[in-house]
Every structure is written in C-alpha cells, then in structure tokens.
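Residue numbers (this note's numbering): 40 to 548.
Where a beta carbon is used, it is the ideal one built from N, C-alpha and C, also for glycine.
Keep in mind it's a predicted model, so treat the numbers as computed, not measured.
In what follows, a structure is listed as structure tokens, so that the remarks can point back to it.
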C-alpha cells in the first residue's frame, strides 16, 4: 500500500440485507506485469475501492453480490494486480479471484467446505467445486499469452489457474504456503503434506467448524514448529523473519456469525492481533459504539474516506487506541505476559458467548414482534456495555500484570533537523540492559523499524531513573508530516525481565 497511498483494499462492508464483503490481496498476477499496457483491460482507470462499496450499497444477497462484481469487472476492468473477494450472507458464500483487467474465476463455497485464503491465488482447475464461474476466454487468453500450454492440444484438464496466472515471483511463496498449510492443519486436526496434497481451493472437515476453531486459526504463530521464531525484548512471535497468520501487521481480525435477521449478525472483532486481544461480539447494523471510536457523521466520513485529512494519523485517545496501547505494550513483554492474557481472554470469551447468545435471543423476539427500533436500541446498548467492560478489563489487567516503566515528557522532534534523541524513563524493577533497548513508532515492525539504543548512552541518573539516546533517522520511520504520535520503549533488565513504556512525541517542522 505504501506510506502515502493508504490501503484501498482493506475495508469490510456489511449491509442491511445481511451481505458481507471482505477481500484478500493476491500479490502479483502475470496480467499486471506482461499485459499491463493493454488499453483494453481497463475503462476509465478501472475499478478498485468502489467495487466493494457498490456491493455494500446494492447487493441484496451474496449471490447478487457476485453478479454485481462480475458485471463491474467485465464492464470497467479491475485496476490492481489481483485480489480475491469473498461475499457471504446467512445462506451462501462465494469467492471470486480477479486478475488485473477483466478476467476472473469464482465459485460458490460448498456448504460442507472451508476455504483458507492467504495472499495468493487458490483456484486451480475449472471444476475445483461444483458451482463455478469464469471468464469465457480465461484459458484461451493464457495460451495466447504463453502463460499456459496444455500437455495435450485441446485438452485443458491440466489447466491450473494459480500456476498459470500467478507471477512466478509470488507463486508458492513460503509465507503464503505456510499460512494456508497451518490453517488447514488446525481445521482438519491433522498434518498436511503440501508436496503430496497440494494447496486445494477448499477442504472438507469431518466436523462443523466452530467460532473457536476460526479464532485459533487467526491467532496462530505455528507454535511448536521449526517456524516458531521470536524477536525483541519480549521474545514476541510477530515481527520475525517468518510471516504468520497472526503477524506484526495484523490490524484487526473479525469473524462474522450470520443470522437470518441481518441486525442480529454478530461481528466478533479483535481490534488488533487476536493472540493479544479478545474478540468483542458486536452488531454493526445496530450502530457505531462511541466507547470504541466516535463517528459523528458516517455519511461525511465515507465521502471523505479516500481524501487526505490533515492530522488523520495523529494520536487520538479512544477505546480503539486503548486496545492498541495494550497490545503494543504487551508486544515488548509478550512471552512473560501471554499466559495471563490468554487466561483473561478465555474467561472473557466464555462470558461473551453466553451474553451474546442471550442478547441475540432476546432481541430476536423483540424484532419478530415488529418493534425493530427497540431491537436496535437493545443491541446497541449491549454493544456499548461489551466495549466498556472490555476496555476496563484490559486496563486493569495491564496495570496489574504488565511491567510498565514511566517515560518522562518527551521533547518535540524536529523533522527538518533531526538530532540524537534522548529518552528519560524510570525503571524500578532492575537495571536496564542497554543493548536490549529499542524505541519506535507504535504499530510499526519492531524488528525493522525500531531504533536500538546508541552504544554508551545509557546513563543511571539515580533512584531508578535512566537516560538513553536513539538514532533520530531510524526513529522517524514513516513519519513525514507534523503531528503527535505514540512511541513504545522496550527492553530487558539484567535479570532478564522485560518491560515497556509509552510516550507521546510531537513532530514539528
């Protein structure tokens, strides 16, 4: 997405008809490399963000959503390299994988199947499942472009969409293969041999998949395998050389539990990495929750959604930010806090499931009595209570169990004349180890974007107070504009205990 470009493929929509649309980047397709300059592939620049928005605004069912996507792709063309869209309602789910331009392949996900989608194409043959849709010239175009030559002329049974259309540099990359493999292993409860069994579009578990199964998939770091790498003062599993399902760049995770009444659909949402934060049972069609983040005017917010807003990246206190603070502080002491956080999450989840079931049942009866307004109000009050209780529980747990050091008010950072940056903090649990200290913008990659302490700069000021300096160029990271940003300090004491601190820094010209 780039520093300034934003993430135009990241939004989820759930509309009043109960239709949800989500998507996955499919890395590079050959069409975006070898056929990029074909002027027939796009009309007026093609579609990108507006595709999902139009589905959200118009779709009356998941099947209708697929029809809309196909119509828009064939009419306008798809601008990015490639993407998979999943559309679902309470009855059906479909996936469509799109190439740069006007070609696609799609399928209805069988009722007894599960699709595990990383960030590469996963369709193979034209008959992977029973109900499939694809461009008429999908195979003939591949032959014309020399992407594919059938072993037997006229026999296309060896056509493999992923192999044919995925660019060689992003085909079967380890980070995608591993994410698909380990997701399938969890859901099938057995080992999966990629060499022998491949990476099928769909798998067929013997038992029905539960909410907890999906949460386990979304939270995994391949624990106990040769890929279980750790990094940083907290020996965290996220910003390492191996990309996991739950990884450093995970912004949030959502599991939709559909209802025949769209209002009652539950969006179980972790507002950050799901191994570190609980899944809140929320009901999007009941309205936004101020305790998480205030949206004063949703229509205006959508209108300006893709427009640069000065200060949009500034630190703003909110419930969402409270949850981010929790995971950012935990990241620096992950290994010594994960057991307690997991216990907290498990207790919370059991209570949340029971509470949500009760709320849905009660408001379903109200809804079916014809009093929609009261049902909306009831679910909204429930969502607000869930959010407030969650924020309170996380705050209390962090205060009681995290080793948090106090950072003295920080000086402004001058973007145009960066100087060595000194941080003063109080650590009363032991003497910090200079070589373990890192400092950086919250939410960025701890391994590649955080500054290490400059050698010889850690100074004991007495009374558990220390000063240490960091390279300003590394600290700046992705910050190009003035504003106020949250930074995280992490390190270990001489006895090996991890700690974390939090500071707000003003960046000025």
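Secondary structure of residue i, DSSP reduced to three states
{"i": "residue 373", "result": "helix"}
{"i": "residue 185", "result": "coil"}
{"i": "residue 419", "result": "helix"}
{"i": "residue 41", "result": "A caution first: residue 41 carries a pLDDT of 33, below 50, which makes its placement in the model unreliable, though a value can still be read off. If DSSP states are grouped into helix, strand and coil, residue 41 belongs with coil."}
{"i": "residue 134", "result": "strand"}
{"i": "residue 119", "result": "strand"}
{"i": "residue 510", "result": "coil"}
{"i": "residue 307", "result": "strand"}
{"i": "residue 337", "result": "helix"}
{"i": "residue 234", "result": "helix"}
{"i": "residue 146", "result": "strand"}
{"i": "residue 167", "result": "coil"}
{"i": "residue 290", "result": "coil"}
{"i": "residue 83", "result": "coil"}
Residue i and residue j closer than 8 Å at C-beta
{"i": "residue 135", "j": "residue 222", "result": "no"}
{"i": "residue 458", "j": "residue 511", "result": "yes"}
{"i": "residue 540", "j": "residue 464", "result": "yes"}
{"i": "residue 475", "j": "residue 530", "result": "yes"}
{"i": "residue 249", "j": "residue 319", "result": "no"}
{"i": "residue 394", "j": "residue 271", "result": "no"}
{"i": "residue 367", "j": "residue 481", "result": "yes"}
{"i": "residue 490", "j": "residue 513", "result": "yes"}
{"i": "residue 607", "j": "residue 146", "result": "Only positions 40 to 548 of the chain appear in this structure, which leaves residue 607 out of reach."}
{"i": "residue 65", "j": "residue 132", "result": "no"}
{"i": "residue 478", "j": "residue 524", "result": "no"}
{"i": "residue 358", "j": "residue 331", "result": "yes"}
{"i": "residue 148", "j": "residue 241", "result": "yes"}
{"i": "residue 118", "j": "residue 84", "result": "yes"}
{"i": "residue 373", "j": "residue 273", "result": "yes"}
{"i": "residue 100", "j": "residue 56", "result": "yes"}
{"i": "residue 406", "j": "residue 462", "result": "no"}
{"i": "residue 204", "j": "residue 181", "result": "yes"}
Per-residue burial, residue i [other beta carbons within 10 Å of its own, 16 or more giving buried]
{"i": "residue 125", "result": "buried"}
{"i": "residue 492", "result": "buried"}
{"i": "residue 121", "result": "buried"}
{"i": "residue 435", "result": "exposed"}
{"i": "residue 41", "result": "For residue 41, the predicted model reports a pLDDT of 33, less than 50, meaning its position is unreliable; a value from the coordinates is still stated below. Counting Cβ neighbours within 10 Å, residue 41 comes out exposed, since fewer than 16 surround it."}
{"i": "residue 338", "result": "exposed"}
{"i": "residue 384", "result": "buried"}
{"i": "residue 340", "result": "exposed"}
{"i": "residue 483", "result": "buried"}
{"i": "residue 177", "result": "buried"}
{"i": "residue 471", "result": "buried"}
{"i": "residue 302", "result": "buried"}
{"i": "residue 517", "result": "exposed"}
{"i": "residue 550", "result": "This structure leaves residue 550 out entirely; the chain is present only between 40 and 548."}
{"i": "residue 79", "result": "exposed"}
{"i": "residue 355", "result": "exposed"}
{"i": "residue 538", "result": "buried"}
{"i": "residue 425", "result": "buried"}
{"i": "residue 97", "result": "exposed"}
{"i": "residue 448", "result": "exposed"}
{"i": "residue 43", "result": "The predicted model places residue 43 with a pLDDT of 40, which falls under 50 and marks its position as unreliable, so this point remains unresolved."}
{"i": "residue 82", "result": "exposed"}
{"i": "residue 299", "result": "exposed"}
{"i": "residue 95", "result": "buried"}
Closest Cα partner of residue i within the set the options
{"i": "residue 433", "options": "231, 345, 309", "result": "309"}
{"i": "residue 323", "options": "54, 50, 48", "result": "54"}
{"i": "residue 263", "options": "276, 362, 253", "result": "276"}
{"i": "residue 376", "options": "515, 522, 536, 343", "result": "536"}
{"i": "residue 107", "options": "90, 509, 119", "result": "90"}
{"i": "residue 199", "options": "215, 179, 217, 214", "result": "179"}
{"i": "residue 61", "options": "528, 365, 534, 104", "result": "104"}
{"i": "residue 154", "options": "172, 496, 520, 244", "result": "244"}
{"i": "residue 345", "options": "88, 83, 102", "result": "88"}
{"i": "residue 137", "options": "390, 112, 130", "result": "112"}
{"i": "residue 184", "options": "75, 130, 169, 414", "result": "75"}
{"i": "residue 533", "options": "421, 466, 281", "result": "466"}
{"i": "residue 316", "options": "327, 336, 255", "result": "255"}
{"i": "residue 130", "options": "86, 109, 304", "result": "304"}
{"i": "residue 291", "options": "312, 280, 260, 297", "result": "312"}
{"i": "residue 468", "options": "503, 494, 453", "result": "503"}
{"i": "residue 321", "options": "421, 204, 260", "result": "421"}
{"i": "residue 186", "options": "454, 206, 485", "result": "206"}
{"i": "residue 486", "options": "452, 102, 92, 279", "result": "279"}
CB contact below 8 Å: residue i versus chain D
{"i": "residue 475", "result": "Absent from the structure: chain D. Only one protein chain is present."}
(message) Would you call the segment 341-351 in contact with the segment 429-445, where contact means no fewer than 3 C-beta pairs closer than 8 Å?
(response) no
(message) Quick test of the definition: if touching needs 3 or more C-beta pairs under 8 Å, does the segment 220-236 touch the segment 183-203?
(response) no
(message) Is it the case that the segment 203-217 contacts the segment 151-166, given that we only count it when at least three CB pairs across the two stretches are under 8 Å?
(response) yes
(message) Taking 8 Å as the cut-off, does the segment 65-76 touch the segment 131-148 (at least 3 CB pairs, one atom from each stretch)?
(response) yes
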